[in-house]
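Engineer: The structure under discussion is supplied below as structure tokens; questions concerning it will follow.
Numbering (UniProt numbering), first residue to last: 1 to 529.
Here it is, written out as structure tokens:
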């Protein structure tokens, strides 16, 4: 039976399925095709017949081969025989559409299989990382303890549909266990703990830092569905710190439980050290620029806040002037009508300036959340990467070197004992230690390779998150353009009110000044005014 599809027209559904299983226009491998047939709920024997009908004996299907398989699947679901003769009857018609259930499940399976087949490629876009989870951290009203007040946080995980209460010390224990569980992954730093005199600004800053910390973990491909992370985000009981220690204190690290650990050496390219050195330099330059961008964004928020404060203050002063109830008579004003006119105008203007302040406050909040916080999130990621590189160099690499050095010492002792014809037991003990040390070195080598493999993926994770900078500047442009349009509109609406402050008979600033009697007398005395 040929794999070519020469009869009937291809329905859009076929193309949709192909784009799901082959997003990069590649071939359909056998594992993916098996999952496709599982979605059809056909008997195993029927699925084998369909595969035999389209199999090219190369372990994969072309686009046409997949289309033919979909047509045959539809026929089988209708209870018809699997052969080309029936397909010929669809000449000039649209081919039948198989029932494959929810295509989102097929998409998830396709993504998972592609990632499993290419373990050296992260395979996540920024949007896919964001979709893993979004964690909110909100402050609860302070509670008084026996000695000090303490702050509680309401932590809400969108993906896990859970809301729990956590204290800062809970985060400390969680962080400690997370570092033991995932020493080769990006883990952000926790914000500092301020024991005394923690003001509102510090507490709010720490809340935002904890939110970024949890989102970095909750959106990490390897950590987001780990038992430790799930427990922290969902456990609603009391005594969280002790419960965390009870459940996860002895848990093995990622290397011990990974099915890639034994073949880590095969996953590390020959030029990894060169690539890593280049990456570290690249991240260093990126880090420096992002730090400066964060400073600029923070200054923008401060400027917006100060502008808002100034506009509100102007409004208050104008309101105070307009509400002045001090008696003002003609003895004070003479023939001037300015005071009454200004009082009335200032009352209207005070409302407009308050509106200006309100709009600027909204902009400051939008800039802080949409610009500063997203830059800070990416900066936390970059800092985590630098910390990870340092852990690799000072941890695994140094442990490996110390183990090799210790091995050399044992071998020297054995040679010395052999030359001096020491007791047989002494030599055997040294040989046993050498064997043990060789096992440790082999384990260290595997750990070193696994750490390098993880470093490659964590580098790719940094690049996958680069698209957050698009969101930063998109948000910045939207906030700034919206604010300037709003401010321009309000200032424009203020112009008629301001024009009304001036009397009808008032001279314009450019008109000549009338000569007073005092001025004439002084001129007559030779004094110029």
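Glycine included, every Cβ here is placed at the ideal spot set by N, Cα and C.
For clarity, every value in this text was computed on a predicted model and none was experimentally measured.
Give the DSSP-derived three-state secondary structure of residue 352 in the structure shown.
Structural biologist: Note: residue 352 maps to helix in three-state DSSP.
Engineer: When every heavy atom of the ligand NAP is checked, does at least one fall within less than 7 Å of the C-beta of residue 446?
Structural biologist: This structure does not include the ligand NAP; it has no bound ligands of any sort.
Engineer: Can you tell me which of 218, 300, 329, 169 puts its alpha carbon nearest to the alpha carbon of residue 194?
Structural biologist: Comparing Cα positions, the closest option is 169.
Engineer: Below 8 Å CB to CB, which residues in the same chain sit around residue 15 once its five sequence neighbours on both sides are set aside?
Structural biologist: None.
Engineer: Name the residue from 483, 386, 131 whose alpha carbon lies nearest to the alpha carbon of residue 276.
Structural biologist: The shortest Cα separation from residue 276 among 483, 386, 131 belongs to 386.
Engineer: On the DSSP letters alone, give me the boundaries of the beta strand (DSSP E) that residue 304 sits inside.
Structural biologist: Segment 272-322 is the alpha helix (DSSP H) holding residue 304; no beta strand (DSSP E) there.
Engineer: When you compare each of 258, 345, 359, 297 to residue 308 by their alpha carbons, which one comes out closest?
Structural biologist: Ranking 258, 345, 359, 297 by Cα distance to residue 308 puts 359 first.
Engineer: DSSP state of residue 29, grouped into three classes?
Structural biologist: Reduced to three states, the DSSP call for residue 29 is strand.
Engineer: Indicate whether residue 244 and residue 174 have their beta-carbon atoms separated by less than 8 Å.
Structural biologist: Going by C-beta atoms, residue 244 is nearer than 8 Å to residue 174.
Engineer: Pick from 88, 184, 211, 20: whose alpha carbon is nearest that of residue 570?
Structural biologist: This structure leaves residue 570 out entirely; the chain is present only between 1 and 529.
Engineer: Cα separation between residue 419 and residue 272?
Structural biologist: Because the pLDDT of residue 419 is 48, which lies under 50, any placement of that residue in the model is unreliable, and the question is left without a value.
Engineer: Beta strand (DSSP E) containing residue 162: first to last residue?
Structural biologist: Element bounds for residue 162: 162-167.
Engineer: Would DSSP call residue 62 helix, strand or coil?
Structural biologist: Here residue 62 sits in coil by DSSP.
Engineer: Would a C-beta distance cut-off of 8 Å place residue 363 and residue 304 closer than the cut-off?
Structural biologist: Result yes, Cβ atoms of residue 363 and residue 304 sit closer than 8 Å.
Engineer: Give the DSSP-derived three-state secondary structure of residue 258 in the structure shown.
Structural biologist: Coil.
Engineer: Report the residue ranges of all alpha helix (DSSP H) runs contained in full by the stretch 433-502; include only those spanning at least 4 residues, in chain order.
Structural biologist: Correct list: 468-499.
Engineer: Given residue 497, which residues of its chain have a CB within under 8 Å of its CB, disregarding the five upstream and five downstream residues?
Structural biologist: Same-chain partners within the cutoff: 345, 348, 349, 352.
Engineer: According to DSSP, simplified to helix, strand and coil, what is residue 344?
Structural biologist: Residue state, collapsed to three classes: helix.
Engineer: Am I right that residue 109 and residue 158 are in contact with their C-beta atoms under 8 Å? What's the rounded C-beta distance?
Structural biologist: At roughly 23 Å, the Cβ-Cβ gap does not stay under 8 Å, so residue 109 and residue 158 are not in contact.
Engineer: Return helix, strand or coil for residue 132, following the three-state DSSP convention.
Structural biologist: In this structure, residue 132 counts as helix in the three-state DSSP scheme.
Engineer: Please specify which runs of the alpha helix (DSSP H), each continuous and at least 4 residues long, are wholly inside the stretch 183-256, giving them in chain order.
Structural biologist: Runs found: 200-218, 227-234, 240-248.
Engineer: On a CA-only basis, which of 299, 461, 98 is nearest residue 39? Give me that one, please.
Structural biologist: Ranking 299, 461, 98 by Cα distance to residue 39 puts 98 first.
Engineer: By Cβ distance below 7 Å, which residues in the same chain neighbour residue 115 in space, the five residues on each side in sequence not counted?
Structural biologist: For residue 115, where only same-chain residues beyond five positions count, the Cβ hits under 7 Å are 123.
Engineer: Buried or exposed for residue 414, going by 16 or more other Cβ atoms inside 10 Å?
Structural biologist: Annotation note: pLDDT 48 at residue 414 (below 50); position unreliable, no value reported.
Engineer: What do you reckon, are the CB atoms on residue 165 and residue 176 nearer than 8 Å?
Structural biologist: No.
Engineer: Per DSSP, residue 139 forms a beta bridge with which residues?
Structural biologist: According to DSSP, residue 139 bridges with 153.
Engineer: According to DSSP, simplified to helix, strand and coil, what is residue 337?
Structural biologist: It is coil, neither helix nor strand.
Engineer: Three-state secondary structure (DSSP) at residue 325?
Structural biologist: Three-state DSSP puts residue 325 in coil, outside helix and strand.
Engineer: Would the beta-carbon of residue 135 fall within 8 Å of that of residue 249?
Structural biologist: Taking 8 Å as the Cβ cut-off, residue 135 and residue 249 do not qualify as a contacting pair.
Engineer: Rounded to whole angstroms, what's the CA-CA distance from residue 45 to residue 52? Just pull it up for me.
Structural biologist: Near 11 Å, if we compare the C-alpha coordinates of residue 52 and residue 45.
Engineer: Can residue 75 and residue 69 be called in contact, C-beta distance under 8 Å?
Structural biologist: Their beta carbons are not under 8 Å apart, which means residue 75 does not touch residue 69 by this criterion.
Engineer: Can the beta-carbon of residue 372 be found less than 8 Å from the beta-carbon of residue 297?
Structural biologist: Yes, these two residues count as a Cβ contact at 8 Å.
Engineer: DSSP on residue 91, reduced to helix/strand/coil?
Structural biologist: Of the three classes helix, strand and coil, the one that applies to residue 91 here is coil, per DSSP.
Engineer: Short of 7 Å in beta carbon distance, which residues of its chain neighbour residue 381, apart from the five on each side in sequence? Order them along the chain.
Structural biologist: Hits under 7 Å: 186, 216, 462, 465.
Engineer: Please state whether DSSP places residue 110 in a helix, a strand or coil.
Structural biologist: In the structure shown, residue 110 sits in a helix (DSSP, three-state: H, G or I).
Engineer: State buried or exposed for residue 96, treating a residue as buried only when at least 16 other CB atoms are found within 10 Å of its CB.
Structural biologist: So residue 96 counts as buried.
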